[in-house]
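Asks: Please find one structure pasted underneath; my questions will follow.
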DNA sequence: TCCCGTCAGTTTATTTTCTGGACGGACCAT
DNA sequence: ATGGTCCGTCCAGAAAATAAACTGACGGGA
């Protein structure tokens, strides 16, 4: 199987991974959620070649995860913002952050804290069942073909 | 920045991505959660070269996400099972699945359904705040340095 | 005993990706 | 004029990912 074939697989993981399953793509998305929007800012924060930044931003834009918004004329310059589809990736990023916090944070604690504006507390994400509202863990899930 | 440097970054996303942020690694993890355990099975399901399988399984084992368990002698053969640390990735995989379900499922609906054994319903994951229990969305989160 | 099949890798050669640097174009400030 | 900012593109060489073939340890027939 080739990378490009992933998008055609009858599997939501494969289809998602075809879009976001790339090291630098995930790093770019992290920065998007931290408010980074400009080409130069991505490049500077990641310290990788401009070619990759350009390529990944283009890909994410084509997939509708980001959109280019002009922020000035003369010359026209664009910044990259998360679309609603992009914002839907928030649980993915938060889940990754939380796993990192649990397993790779030093004694100093996690590098970043997240505050829930609604309640005002620092929190970590808890995955719950859409039907009963209880927390879900891996062993309580049974998977079967949907179609 | 190089790929190996990611693990040293003061960022939980970077540290996690250093471990799981690879297309095939994520596909292997998907299969792990579906109960796949043997080298040949991973290879057959993914249809990619054995080198990649061997490499990724080794990496995940070194990182403590999988562990090798002998399932026979003569010759000794091992299977790969998720450790507790690996099971902790369940929310990450579920979040990815759900994003794919939302944005890439056809009219036929999602390819896989997930049943919550505790309540018996088909469900999708909802990310909630550990403190107040309410659902969290991207706009309700404020991030700041933790150390 | 000899050939086949299973399973889990490793080796080798090729293909793809990435880097680092230079370049371009459209401006603005001094 | 000269230098600075910003967003890219282009190119050649270096590095990494990958496919395909191979190894090796066994078990099972014929």
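Residue numbers (the working numbering), protein chains in the order written: chain A, 1 to 147; chain B, 148 to 294.
Heads up, the beta-carbon is just placed ideally off N, CA and C, and yes, glycines get one too.
What's the C-alpha gap between residue 95 of chain A and residue 259 of chain B?
Replies: Position 95 of the first chain, counting from 1, holds the residue named residue 95 of chain A. Position 112 of the second chain, counting from 1, holds the residue named residue 259 of chain B. Their backbone Cα atoms lie some 20 Å apart in a straight line.
Asks: Counting pairs of Cβ atoms below 8 Å between the segment 160-174 of chain B and the segment 273-280 of chain B, do you hit three or more?
Replies: Too few Cβ pairs lie closer than 8 Å, so no.
Asks: Rounded to the nearest angstrom, how far is the Cβ of residue 272 of chain B from that of residue 250 of chain B, given a contact under 8 Å?
Replies: Against the second chain, residue 272 of chain B aligns to sequence position 125. Against the second chain, residue 250 of chain B aligns to sequence position 103. Contact doesn't hold; Cβ gap of about 15 Å is too wide.
Asks: Suppose contacts are defined by Cβ-Cβ distances below 8 Å. Is residue 290 of chain B in contact with residue 29 of chain A by that definition?
Replies: Here residue 290 of chain B refers to the residue found at position 143 of the second chain. Here residue 29 of chain A refers to the residue found at position 29 of the first chain. Not a contact, by the Cβ cut-off of 8 Å.
Asks: Classify residue 166 of chain B as helix, strand or coil using the three-state DSSP reduction.
Replies: Against the second chain, residue 166 of chain B aligns to sequence position 19. Three-state DSSP puts residue 166 of chain B in a helix.
Asks: Considering only the beta carbon of each residue, do residue 65 of chain A and residue 239 of chain B sit closer than 8 Å?
Replies: Counted from its first residue, the first chain places residue 65 of chain A at position 65. Counted from its first residue, the second chain places residue 239 of chain B at position 92. Contact: no.
Asks: Would you mind giving the Cβ-Cβ distance between residue 1 of chain A and residue 204 of chain B, rounded to the nearest angstrom? I have them listed as a contact below 8 Å.
Replies: Mapped onto the first chain, residue 1 of chain A falls at position 1. Mapped onto the second chain, residue 204 of chain B falls at position 57. About 17 Å; that fails the 8 Å criterion.
Asks: Using the beta-carbon of each residue, which ones in chain B are nearer than 7 Å to residue 48 of chain A?
Replies: Here the question's residue 48 of chain A lines up with position 48 in the first chain. What residue 48 of chain A touches in chain B: 148.
Asks: Extract the residue ranges of the alpha helix (DSSP H) inside the segment 210-252 of chain B, only unbroken runs of 4 or more that lie entirely within it.
Replies: Listed in chain order, they are 231-234, 237-251.
Asks: Does the Cβ of residue 171 of chain B have 16 or more other Cβ atoms within 10 Å, making it buried, or fewer, making it exposed?
Replies: Here residue 171 of chain B refers to the residue found at position 24 of the second chain. Classification of residue 171 of chain B: buried, given that the 10 Å Cβ count is 16 or more.
Asks: For the segment 248-274 of chain B, which residues have a CB atom closer than 8 Å to at least one CB atom of chain A, in sequence order?
Replies: Cβ contacts with chain A come from 248, 249, 250, 251, 252, 255, 256, 257, 258, 259, 260, 261, 262, 263, 264, 265, 266, 268, 269, 270, 271, 272, 273, 274.
Asks: For the segment 57-72 of chain A, enumerate the residues whose C-beta is nearer than 7 Å to any C-beta of chain B, in chain order.
Replies: Result list empty, no residue passes.
Asks: Measuring only between beta-carbons, confirm whether residue 55 of chain A sits less than 8 Å from chain B.
Replies: Taking the first chain and counting its residues from 1, the one referred to as residue 55 of chain A is at position 55. Chain B contact via Cβ: absent.
Asks: From the DSSP output, in three-state form, read off residue 290 of chain B for me.
Replies: As a working mapping, residue 290 of chain B is identified with position 143 in the second chain. Reduced to three states, the DSSP call for residue 290 of chain B is strand.
Asks: Quick one: give me the first and last residue of the beta strand (DSSP E) that residue 113 of chain A is part of.
Replies: Against the first chain, residue 113 of chain A aligns to sequence position 113. That run of the beta strand (DSSP E) goes 112-116.
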